[in-house]
Each structure stands twice: as structure tokens, then as C-alpha cells.
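See structure below.
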Amino acid sequence: MDLERARYLTSSAARRALESLDPALAALPPTRLADRLRRDFPPFEAAALAEQLVLRARARERFGGELPFLYSSPGLEMMTHPAVAHRRAGRLERLGLPVADLTAGLGGDLYACLSRGIAGLGVELDPVTSRLAAANTGGRVVRGDALHAPIDPRHVAVILDPARRTENRRHFDPASFAPPFDAALNLAATAAAGVVKAPPGIAREVIPPAAEAEFVQLGRSMREVTIWLGGDARPGLRRAVLLPTGATLTSDEPEALAGVVPPGSYVFDPEPCVTRAGLVRHLATRLGARLMDPQVAYLTADAPAFDPMAATFEVLDSLDFSVSRLRKRLRELDLSADEIRKRAFPVEPDELRRMLGKTGSGRAALICTTVGGRRRVFICRRLRGLANCEEV
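As numbered in our numbering, residues 1262 to 1653 make up the sequence shown, in order.
Shown next, in the form of C-alpha cells:
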């Protein structure tokens, strides 16, 4: 998107035009959508409105709802999920500080803060994005550089989300982020409170000892690592966060003993936020479980247990991995693989499902892993609930 299109979209005429259009038009093929809008608008305006209809449909699909936003394609790609932004805003609200989002993007994080009544402003370097963000936040975003923003960080809570993508290229080296990761951390450390967002795969070693780190997951997808400095941050704490439930697990909870035990009657698969946060043995204590291999995150016990941070499976049988042996055993049990999970296992779930084919009328979950250097498959049924262990 260029600046001329952004200027039009932020005009009152474009806003009225967008409000008049049926969102269902976005389902039309691009050429038909363009032809439809050109009946009522000049070509330049029709193209801009068509783009917004498509981006808003993409936002609804991605977020499960729609913010009253103007979007650009790269801005939407980098935008924080509203559920994650609103959780963060809730914690910032408790600090009682004004907020400065110094890498505002389209304004998603700032919008969540403003929605809670927090005084705030945003800074965005890109001229197109800053114009759209200002429209999205009632004029609370200005164009500027995060590292030279017109604020005194000592009196505010700052949010920094270093960009990890430029010209369709994703960067994995924190020094290549924009602003560089170290510079963002240093700026956040000078603020009354600082929040630095990092990618889910960031190495825990680069998180400062003085920071608290939240490993945030939404559904089954890791979203970010949120690094908190100052304010109410607890230095060195690691927290796994599972949304939308809001379940948490922290590194100050008891940790199970090191070492392994033989596979028991139940297997537990920790959520990604738990493994990324390095809290598998802390979860083991909650579940009354232990590791069955020192290099693999699956836990085991002889009694069922339930926690939002893990899926629980009852073991019906287990065997050394062989496609023919596994297929034969599933047929004997009249089961087919409904769900396949793997850790430290060489075959992808879709490939294994194809190789097995349909083997029975019942549903089974397969847990594929390595135990003591041997490839093992656990034939299971997934359980839920605390009272009667009914099958999912």
C-alpha cells in the first residue's frame, strides 16, 4: 500500500464508503469484486476499498472476529492477536502507568490498552502504517523512531515489538531485528516498566536475568515470548500462558525429581508453552508424573491426572515401532489412528496415517516417541474431565 491510498482510506469519505459495503463482497473473485465496486466508485477508490474488504475478511478468519481497523497486508501479518493484546493490556492496567507503544504497527496493542482506559500513545516508523494506526486509535499514533521517541521512558510503561521481517524475508538473528533486540531490551530497562515481544523460538539464553518471561500460547499455536522488565516483573521467572483459558504455570512451582521411570498406564503431552518455557518437570509435579526419557517431554504415570497444560492419554497398548506390526495391532483392537502426536520420532503424522490406512472402526490416539533409544508407539485413548475419565 502506498501513502496516497492510505490518505484516502483514512478520509471520512472512505470510512463512509466502507461502512456502506457488505462484508460478504470479499468472497467474490478479485476481478468480480473490482468490477462490482467500480459501479459506484472511481477505479482508484474501488481498488482501495476492495483491498480493505479482503483484508478485513482475512482478519476475521485469523482472529475469529474483527476490530474496527484499517489494514495493510504486512501490518496484518505482524499484528498481535487481540486475545494476546488484551491479556497484556490487563497486566499493564494494574501497573497504573501510561503506556507508550514505540513500535505501534497498526495499533493493535495500543488499542487494547486504550479500550481499558489506559492513557497511551504510539510511535510507528513506517509512514503508511503510522497513518492507518492513527486512524485506528483515534489519533494516538505519531510517526517516529522507537529509539528516539518523544517520551521520557522513566515515567511510562513502554511496549516494543522489534520487526523480524523485511521485504518478505524473516530474520532469526536478534541482532537483525528492527530495532535490534539488545537496543529494545536496553530501552525497556530504562522505563518504569518495559515489555519486549520476542518470537516464540527465541533462545532462553538471550532473555536478561533481570527479566520475567511469559511464553504465550493461543489454542495450539505459540504466539510470542513476552519479556517484562521493571514494574511488577519478577526477575528470572518463567511463565507458561495458555489462552483463551488464561491457565498458567510458573518456574517457582515445585519441580519433579530428575531421572526417568518406565512408561506407565497414562501418558501426558505438555502444551508447547510449557516445553518452550522449560517447565516440563514443574508440570510433572502437578500431574504426579515423571519423564520416561530424559530427552523427550512426554510424561507418564500410573494414575490419570488432568490439567489445562497437558493432554491426558490412557495407554491401551505399546510396541516397538514397525508399520506392519502397528497396523496389525490396530486391526486386532478394531481401531484407527484418529490423532497422531510425535516427539523425537522420524515419521511425520500425516505420512504415518497414510501408511497405516484405515484399520478399524474405533478411534485411537497414537503417541510416537523415543524411549531409552528405541522408537515406541503408544496406542491410547484421550481422556478429559476429573470425575469419570470419559473419552474425548
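All residues carry an ideal CB built from backbone N, CA and C; glycine is no exception.
Note that the structure is predicted; figures quoted are calculated from it, not measured.
Item: Mind checking whether Leu1503 and Met1570 have CB atoms under 8 Å apart?; Value: yes
Item: For Leu1490 and Leu1337, what's the separation of their Cα atoms in angstroms?; Value: 27 Å
Item: Who are the near neighbours of Leu1233 in its chain, counting only those whose CB is closer than 8 Å to its CB and skipping five residues on each side?; Value: Residue 1233 lies beyond the residue range present for the chain, which begins at 1262 and ends at 1653; the question has no answer from this structure.
Item: Taking only beta-carbon atoms, is Ala1598 less than 8 Å away from chain B?; Value: The structure shown contains no chain B; it holds only a single protein chain.
Item: Shortest alpha-carbon distance to Gly1399 belongs to which of Thr1546, Lys1619, Val1315 and Leu1367?; Value: Leu1367
Item: Among the candidates Ala1450, Ile1463 and Arg1415, whose CA atom is the shortest distance from the CA of Phe1438?; Value: Ile1463
Item: Under 8 Å, do Pro1531 and Leu1560 count as touching if we go by C-beta distance?; Value: yes
Item: Tell me, which residues are paired with Val1477 by DSSP?; Value: Glu1485 and Val1502
Item: Give a yes or no on contact between the stretch 1626 to 1646 and the stretch 1574 to 1586, applying the rule of three or more CB pairs nearer than 8 Å.; Value: yes
Item: Does Gly1634 pass the burial test, meaning 16 or more other C-beta atoms within 10 Å, or should it be called exposed?; Value: exposed
Item: Is the Cβ-Cβ distance between Thr1536 and Pro1515 less than 8 Å?; Value: no
Item: Whose CA, out of His1409, Val1417, Asp1413 and Leu1386, lies closest to the CA of Val1402?; Value: Leu1386
Item: What does DSSP give as the partner residues of Lys1458 in its beta bridges?; Value: Thr1487
Item: When burial is assigned at 16 or more other CB atoms within 10 Å of the CB, is Pro1304 buried or exposed?; Value: exposed
Item: I'd like the span of the alpha helix (DSSP H) that includes Leu1393, first residue to last.; Value: Pro1388 to Asn1397
Item: Should Ala1267 go down as buried or exposed, given a rule of 16 or more other Cβ atoms within 10 Å for buried?; Value: buried
Item: Return the Cβ separation of Leu1594 and Ile1640 in integer angstroms, given the expectation that the two are a contact with Cβ distance under 8 Å.; Value: 7 Å
Item: With 16 other CB atoms within 10 Å as the buried threshold, where does Ser1333 fall?; Value: buried
Item: Which residues mark the beginning and the end of the alpha helix (DSSP H) in which Arg1348 is found?; Value: Pro1343 to Leu1356
Item: Mind checking whether Gly1369 and Pro1343 have CB atoms under 8 Å apart?; Value: yes
Item: Give the C-beta separation of Val1419 and Ala1452 to the nearest angstrom, bearing in mind that I take them to be a contact with Cβ-Cβ under 8 Å.; Value: 4 Å
Item: Based on the DSSP secondary-structure assignment, which residues constitute the bridge partners of Thr1511?; Value: Arg1500
Item: For Phe1574, which of helix, strand or coil comes out of DSSP?; Value: strand
Item: Note down the Cα distance separating Val1360 from Gly1378, rounded to an integer number of angstroms.; Value: 11 Å
Item: Since Arg1401 is in the beta strand (DSSP E), which residue starts that stretch and which ends it?; Value: Segment: none, Arg1401 is in no beta strand (DSSP E) and carries neither H nor E.
Item: Runs of 3 residues minimum, wholly inside the stretch 1529 to 1594: which ones carry the beta strand (DSSP E) assignment?; Value: 1560 to 1562 and 1571 to 1581
Item: If you follow the alpha helix (DSSP H) that Thr1451 is in, where does it begin and where does it stop?; Value: Phe1442 to Thr1451
Item: Applying the 10 Å Cβ sphere with the 16-neighbour rule, what's the burial state of Gly1618?; Value: exposed
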